[in-house]
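Sequences listed follow chains A and B, in order.
Using numbering that gives the first Met the number 0, the first residue of the first sequence is number 0, and each one after it goes up by one.
Using numbering that gives the first Met the number 0, the first residue of the second sequence is number 0, and each one after it goes up by one.
Glycine included, C-beta positions come from ideal geometry on N, C-alpha and C.
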Amino acid sequence: MVGIETRIRSAFEALRSCGELGMVAYITAGDPSVEATLKFVLALAEAGADVIELGVPFSDPLADGPTIQRASERALKSGTTLSRVIDLVHRIRLSSQVPLVLFSYYNPILQMGLEKFASAAANAGADGVLATDLTPEESEDYRRILAAHHLDTIFLGAPTSTDERLAKIAACSSGFLYLISRTGVTGAKDALPDDLPALIRRTRGVTKLPIAVGFGISLPGHVSVLGGLADAAVVGSALVSEIEKAPSVDAAALALGERIRALKQAARNGLSRREAPMHRGEVAP
Amino acid sequence: MRSILQSPTTTPGRFGPYGGRYVPETLMVPLFELERAYEAAKSDPLFQTRFNDLLKNFAGRPTPLQFASRLTEKLGGPRIYLKREDLLHTGAHKINNAIGQGLLVVKMGKPRIIAETGAGQHGVASATVAAHLGLECVVYMGTEDMARQALNVARMRMLGAEVVGVDSGSRTLKDAINEAMRDWVTSVRTTHYLLGSVLGAHPYPTMVRDFQVVIGREAREQILAAEKRLPTHLFACVGGGSNSIGLFYNFLRDADVKMIGIEAGGRGGELGEHAARLGAHQGFSGARPGVLQGTYTYVLQNEDGQIATTHSISAGLDYPAIGPEHAWLADQRRAEYFAVSDEAALDAASLLSRTEGIIPALESAHAIAGLMERVPQLKKDDLVILNLSGRGDKDMDTYRMHGAE
């Protein structure tokens, strides 16, 4: 699918041309309801999120920390299925052109059937797909079928990945590459890991794809540090916590908007890397 | 039911279409390292010597193949032999694999192991090997299972392991594996995940099987010595499937040896009431090929691909997926699988206790119940080996509660 312009690619090209760090916002679809998620997505887009990842809830989220585990439980309880998430994408498209990535464990996709899934997701207006527990080695059919429907396939790179693997992951990815900042599950953390800049540099060495860094990103200080290193920061558990804490759906939508605006602000004004104390493992102001 | 994967895959660790490696990227390089370490150990005479020494002098191998004369008489069918894995140190076959992986951990130089456990037998085996080899050990266990296998929790703690209760999902084995994987993805640089069954991503299903095939290797020699012929039927219970594959594997090329795996039929056929992944032919619902916890195999799930909760009176069989090699053996009809109910397992435990003087683990009691159900179709000159995979001390509370004592 080289050369085909997708919403994701356009978004990253725009960010690159103005030299700004992008914000990728993750929320679990259907938490607490699909209606609520529609509001949340529009609020996030309005506040400046460059890409939105819609988490498809799964009964056994083994790569997720407690925050997203609880969100998955709430979403499943509200009756959320992969088909309903795809319907939601369709409804979002009636009022927003924000790039949308479906973020799922592999089994729900496999059970729907790769062809049926890819066709439905593309028709609804999804732009890309990331399957947490699918690595390049097992993804041949998946990549072929998704590419045929012009869906970007985003794969994860990790701190344990060798340069050789990072190159393989990049070769299988389109749109962007999602780099996991540290070994562990999803969840907000105070400090970014010391070896993150080296990991990003290693990844840069093997690909020209935009690099989004996620896991443990929640504070403006994190975003400032990433400004000089990555193309985008992924914020997930911090947003999901806002949804969990808020007294109402409308309050949650407001809180999500504020969070993204603050992070976006930090990305625009960016503390220089020298000023950000991340490398000493402290909490940013 | 057949695989839904489209193209035949050439990736390693496949049994037909089943198996593979479906994990978050963080675990891929550690899995490659484990695979390499294991491949090296296979051809390392020092490793093999140490493994065999611990199996013999620490675990108590070889285990007897006992002719069950009163059970044979009582059931009135074929001659029945019991492979007495229940007599091993710690009380079940799980120690074979724990020793193998424990030695591998020492070789890889990692100071810490984590393990999941359902019935507690794998947890106890892991804690035992960790103590013996001087490793730190954390065991994840569903809180539902901690309640019904309290004795094993106490044993693990006495052996110096930390037992972490898991309160998510159905609070059983599946949830313990999720939590162990979350630990592993975080601590992977210093920690080995000592998985207890032929489940998970490659190389686990192959490696765990290889550490368990000693069961069938011994049984084959022992039956040839005792009866001068091969068995006609093998029986074993199947949770993940490590004791059954351990018995079956060395007979796979003997086309006349029938292999029968017994699953947990729980309270009935409705999804959520059983753990019969290969029981569609008996009306057990909800099993289709899918991906769970690293491997592609038959998984109990709903139509949206959400994994189902399961029920079995036996904590060790209470799991929604079956080892991928069993999925392949079932598709090829090389092995046959059927399920028996909680009640049948309890009755079988009583029967074995009173006819042979052996109180079996609830898991192994399923194999006995399967044999009892099948006996009318067997001939007098058939010859059965049944793997008595574990002893029943841990299940005394359950037996008492159900009046099986």
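{"Item": "For Asn268 of chain A, the three-state DSSP class (helix, strand or coil)", "Value": "helix"}
{"Item": "Residue-chain proximity (Glu289 of chain A, chain B), Cβ-Cβ < 8 Å", "Value": "Because residue 289 of chain A is not part of the residues shown, which for chain A are 0 to 284, the question remains open."}
{"Item": "Residues that DSSP places opposite Leu387 of chain B in a beta bridge", "Value": "B:Arg83"}
{"Item": "Proximal residues to Leu478 of chain B (C-beta, below 7 Å), its chain only, five neighbours per side dropped", "Value": "Any property of residue 478 of chain B remains undetermined from this structure, which presents chain B solely from 0 to 404."}
{"Item": "Beta-carbon separation (whole angstroms), Val137 of chain B vs Ile113 of chain B, contact threshold 8 Å", "Value": "5 Å"}
{"Item": "Any C-beta of chain B under 8 Å from that of Ala107 of chain A", "Value": "It is Pro, not Ala, that sits at residue 107 of chain A in the sequence shown. Yes, because at least one Cβ of chain B sits closer than 8 Å to the Cβ of Pro107 of chain A."}
{"Item": "Between the CA atoms of Cys236 of chain B and Thr308 of chain B - distance to the nearest angstrom", "Value": "20 Å"}
{"Item": "Endpoints, the beta strand (DSSP E) within which Tyr21 of chain B is located", "Value": "Tyr17 to Tyr21"}
{"Item": "Interface partners of Asn177 of chain B on chain A, CB under 7 Å", "Value": "Asp59 and Leu61"}
{"Item": "Residues of the stretch 303–319 of chain B with Cβ closer than 7 Å to any Cβ of chain A, in chain order", "Value": "Asp303, Gly304, Gln305 and Ile306"}
{"Item": "Backbone secondary structure at Asp381 of chain B - three-state DSSP", "Value": "coil"}
{"Item": "Beta-carbon proximity list for Asn106 of chain A, same chain, < 6 Å, skipping 5 on both sides", "Value": "none"}
{"Item": "Straight-line gap, Ala36 of chain B to His191 of chain B (C-alpha atoms, nearest Å)", "Value": "12 Å"}
{"Item": "Pairwise C-alpha distance: Glu34 of chain A and Ala146 of chain B", "Value": "40 Å"}
{"Item": "First and last residue of the uninterrupted beta strand (DSSP E) at Glu115 of chain B", "Value": "Arg111 to Thr116"}
{"Item": "As assigned by DSSP and simplified to three states, the class of Val33 of chain A", "Value": "helix"}
{"Item": "Cβ pair Leu218 of chain A, Thr202 of chain A closer than 8 Å", "Value": "no"}
{"Item": "Among A:Pro209, A:His149 and A:Ser32, the one whose alpha carbon lies nearest that of Thr79 of chain A", "Value": "A:Ser32"}
{"Item": "N- and C-terminal bounds of the beta strand (DSSP E) containing Phe210 of chain B", "Value": "Note, Phe210 of chain B: premise wrong, no beta strand (DSSP E); alpha helix (DSSP H) at Tyr203 to Gln211."}
{"Item": "Cα-Cα separation, Glu302 of chain B to Gln110 of chain A", "Value": "7 Å"}
{"Item": "Per-residue DSSP class, three states only, for Val282 of chain A", "Value": "Because Val282 of chain A sits at a pLDDT of 37, beneath the cut-off of 50, its placement in the model cannot be relied upon, and the following sentence gives the value as read from the coordinates. In the structure shown, Val282 of chain A sits in coil (DSSP, three-state: anything other than H, G, I, E or B)."}
{"Item": "Residue of B:Phe234, B:Tyr295, B:Ala39 and B:Ala254 minimising C-alpha distance to Lys407 of chain B", "Value": "Residue 407 of chain B cannot be examined here, being either before or after the span of chain B that is shown, 0 to 404."}
{"Item": "Alpha-carbon spacing of Ala344 of chain B relative to Ala368 of chain B, whole angstroms", "Value": "5 Å"}
{"Item": "Pair within 8 Å by beta-carbon distance, Thr127 of chain B and Ile94 of chain B", "Value": "yes"}
{"Item": "Cβ-based neighbour list, Ala348 of chain B, same chain, cut-off 8 Å, excluding 5 preceding and 5 following", "Value": "Ile358, Pro359, Leu361, Ala364, Ile367, Gly391, Asp394, Tyr398 and Ala403"}
{"Item": "Cut-off 8 Å between Cβ atoms - residues of its own chain near Ser58 of chain A, not counting five sequence neighbours on either side", "Value": "Ser71 and Leu75"}
{"Item": "Glu178 of chain B versus Ala225 of chain B - alpha carbon distance", "Value": "45 Å"}
{"Item": "Cβ neighbours of Arg373 of chain B in the same chain (closer than 6 Å, five flanking residues each side left out)", "Value": "none"}
{"Item": "Exposed unless 16 or more other CB atoms sit within 10 angstroms - verdict on Pro44 of chain B", "Value": "exposed"}
{"Item": "Proximity test, Cβ basis, 8 Å: Ser160 of chain A and chain B", "Value": "yes"}
{"Item": "Glu32 of chain B - containing beta strand (DSSP E), residue span", "Value": "Taken as a continuous stretch (DSSP letters only), Glu32 of chain B belongs to no beta strand (DSSP E), being part of the alpha helix (DSSP H) at Met27 to Lys41."}
{"Item": "Where Ile179 of chain A meets chain B, residues with beta-carbon distance less than 9 Å", "Value": "Pro23, Glu24 and Thr25"}
{"Item": "For Ala190 of chain A and Met22 of chain A, the rounded distance between their alpha carbons", "Value": "18 Å"}
{"Item": "Which of helix, strand or coil DSSP assigns to Ala42 of chain A", "Value": "helix"}
{"Item": "Nearest-angstrom beta carbon gap, Gly164 of chain B and Met180 of chain B [assumed within contact, 8 Å]", "Value": "Contact flag wrong, Cβ pair sits at about 16 Å."}
{"Item": "For Thr27 of chain A, the three-state DSSP class (helix, strand or coil)", "Value": "strand"}
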